[in-house]
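Inspection log for the structure reproduced underneath, given as structure tokens.
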Amino acid sequence: MRILCYGDSDTFGHDPRSPLGEPYPPEVRWTDRLAAATGWEVLNAGLNGREIPHRPRELQDAETLFAKASPFDMATVFLGSNDIFQGCSARETAERMAHFLDRLAGYPLLLLVPVPMVSGTWITEERLVTESAQLAGLYAQLAQERGIACADPGTWDIEMSFDGAHYSEEGHRVFARRIQEVLEGLLQPAK
1 MRILCYGDSD TFGHDPRSPL GEPYPPEVRW TDRLAAATGW EVLNAGLNGR
51 EIPHRPRELQ DAETLFAKAS PFDMATVFLG SNDIFQGCSA RETAERMAHF
101 LDRLAGYPLL LLVPVPMVSG TWITEERLVT ESAQLAGLYA QLAQERGIAC
151 ADPGTWDIEM SFDGAHYSEE GHRVFARRIQ EVLEGLLQPA K
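Per the numbering used here, the very first residue in the sequence shown carries number 1; after that it's consecutive.
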């Protein structure tokens with residue numbers, strides 16, 4: 001299996017203890033754990049600070065990345081937290097995601113809902129916590145309308161780090177196990 005993981009810092013594996021934005025080591029990051037546990041080729045296309053592509057150049061870059069990575073068995077699209085962090089409401093974030101998903105029509109996609117933010121050293125505004133918690137219902141509706149798979153890691157008991165925005169090492173471990181279960185359910189051959 002070949003899995004493309006397109007996302008932001010939580011896909012990249014950002015270590016919140018790093019002042020330079022470096023990732024956790026491979027044995028911690030969920031993408032590398034997924035590859036090690038399954039033997040799949042997992043392409044980590046996570047980028048610190050990435051918002052949902054919505055400007056022409058961002059959309060073009062994303063489409064080029066997807067085309068170059070193709071063929072793949074599934075692509076996870078895991079974005080939205082940075083849009084909220086930069087001032088978008090949950091509804092505005094979902095509108096950006098709707099447009100982006102429409103640009104990716106034809107690819108096998110799993111839309112992942114960002115884990116809601118919690119209070120921490122980065123997350124000091126209640127608006128961020130409230131708006132991020134509203135994405136689950138909006139993303140589920142987007143996926144249903146487009147006939148693609150959707151999963152809500154906010155229901156997986158993912159432990160967040162001290163900053164309130166990124167996963168702890170334990171959070172990555174749990175995320176890897178749960179995303180493996182979801183992907184195996186989606187990719188198992190029909191009997």
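Built from N, CA and C at the ideal position, the CB exists for glycine as well.
- A direct Cα-to-Cα measurement between L109 and F85 gives close to 24 Å.
- Between T11 and the set S132, P114, L128 and A94, the nearest pair of CA atoms involves P114.
- Restricting attention to H54, A37 and G21, the CA atom closest to the CA of G80 is found in H54.
- Bridge partners of F175 according to DSSP: none are assigned.
- In the DSSP assignment, N82 falls within the alpha helix (DSSP H) that extends over S81 to F85.
- Comparing alpha carbon positions, the residue from A149, E170 and S161 closest to E184 is A149.
- Only buried fits T76, as 16 or more other CB atoms lie within 10 angstroms of its CB.
- For A35, the uninterrupted alpha helix (DSSP H) segment begins and ends at W30 to T38.
- Judged by DSSP secondary structure, L128 falls within the alpha helix (DSSP H) whose first and last residues are E126 to A133.
- Burial check for E131: the Cβ neighbour count within 10 Å reaches 16 or more, so the residue is buried.
- For E41, the uninterrupted beta strand (DSSP E) segment begins and ends at E41 to G46.
- The shortest C-alpha to C-alpha distance from K68 to any of I158, W156, L128 and I3 is the one to I3.
- Per the DSSP secondary-structure output, M160 pairs in a beta bridge with Y167.
- Within 10 angstroms of the beta-carbon of L186 lie fewer than 16 other beta-carbons, which makes it exposed.
- R2 is bridged by DSSP to E41.
- Checking the DSSP bridge columns, you'll see P23 partnered with H14.
- Three or more Cβ pairs closer than 8 Å define a contact, and the stretch 155 to 168 falls short of that threshold against the stretch 41 to 54.
- The shortest CA-to-CA distance from M1 to any of D73, N44, R29 and A37 is the one to D73.
- Here G154 carries a helix assignment [DSSP, helix/strand/coil].
- The residues L112 and V182, in chain order, have a CB closer than 6 Å to that of A151 in the same chain once the five nearest residues on each side in sequence are set aside.
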